[in-house]
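Asks: I am attaching a structure below and will ask some questions about it afterwards.
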């Protein structure tokens, strides 16, 4: 199952993806459609409310969805909204969103987010363990080299960080790094807006890697995390020692 894999031969057809973020604008030209969605909000008394409004008000989730739709146009995208006006949410909302994704039979969960707070490590780890038991793949963004970037550093999560050396169609594997995959740090260009004014950051790397994972799952629908990792690693580019890493400031 290893060796050369032509990702462009596949579209992620039929693979259900939970995009846990700020929602999605389905009418955006980079997205065009979603298969469904849900929102989670926290009320007083720690009551978590489910809702049907997954409209994106800040554009971050829509930008992530655009990456999936470009690289894996056949995926079934589900917008799971936990952010509203800012890219911050209570950990309990994130946990409930992951639980929902597992209950609804998602095959891939994209988390362009994370935390370094150790209080949240064990609850997130338990959910990631449950995902692995169900053969659900979680791809999460994290900071390169940091061992406390949860859940990206968990061994049963595919961790990804942005790297400006990666083109839209390339990615690296950095053996030994707690967050081992590197991918393009930006979403699709927006016509009429300079790319330097577009979103940029580690959060977009998980969507680039996640889209590739859906292509693998279309070809190998019963593959587990270890098998998917084998293919990703064997097809990754290796950055040259003559091409040093760049420091990237995240704007997302």
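In my numbering, the protein residues as written are 10 to 261.
Where is the CB? At the ideal position from N, CA and C, for every residue including glycine.
#1: Tell me whether residue 67 sits in a helix, a strand or coil according to DSSP, three-state version.
#2: I believe residue 70 touches residue 33 by the beta-carbon criterion, under 8 Å. Please report the beta-carbon distance rounded to the nearest angstrom.
#3: Return the residue from the list 195, 177, 176, 171 that minimises the CA-CA distance to residue 68.
#4: Which complete beta strand (DSSP E) runs does the region 17-65 hold, if anything under 3 residues is left out?
#5: Are there 16 or more other CB atoms within 10 angstroms of the CB of residue 233, so buried, or fewer, so exposed?
#6: Are residue 72 and residue 28 touching if we call contact CB-CB under 8 Å?
#7: Using only alpha-carbon positions, find the residue among 248, 137, 93, 221 that is nearest to residue 173.
#8: Among 126, 243, 91, whose alpha-carbon lies nearest the alpha-carbon of residue 119?
#9: Name the residue from 123, 53, 88 whose alpha carbon lies nearest to the alpha carbon of residue 158.
#10: Pairs of beta-carbons, one from the region 213-224 and one from the region 174-192, closer than 8 Å: are there three or more?
#11: Thinking C-alpha only, which one of 177, 180, 168 is nearest residue 186?
#12: Mind the definition here: the region 122-137 touches the region 37-52 only if three or more C-beta pairs lie below 8 Å; say whether that holds.
#13: Would the beta-carbon of residue 111 fall within 8 Å of that of residue 143?
#14: Go ahead and label residue 36 buried or exposed: buried means 16 or more other beta carbons lie within 10 angstroms of its beta carbon, across all protein chains shown.
#15: Would DSSP call residue 79 helix, strand or coil?
#16: Going by DSSP in three states, residue 147 sits in which element: helix, strand or coil?
#17: Alpha helix (DSSP H) containing residue 178: first to last residue?
#18: Just to confirm before moving on: does the CB-CB distance between residue 223 and residue 89 stay below 8 Å?
#19: Inspect the beta-carbon positions of residue 20 and residue 81 and report whether they are closer than 8 Å.
Replies: Quick answer:
#1: Coil.
#2: 5 Å
#3: 195
#4: 25-30, 45-52, 56-60, all fully within the region 17-65.
#5: exposed
#6: No, they are not a contact pair.
#7: 248
#8: 91
#9: 123
#10: By the C-beta criterion, the region 213-224 is judged to be in contact with the region 174-192, since at least 3 inter-stretch pairs fall below 8 Å.
#11: 168
#12: Result no; under three Cβ-Cβ pairs closer than 8 Å.
#13: yes
#14: Result: exposed.
#15: helix
#16: strand
#17: Looking at the DSSP string, residue 178 is not in any alpha helix (DSSP H), and its letter there is neither H nor E.
#18: no
#19: yes
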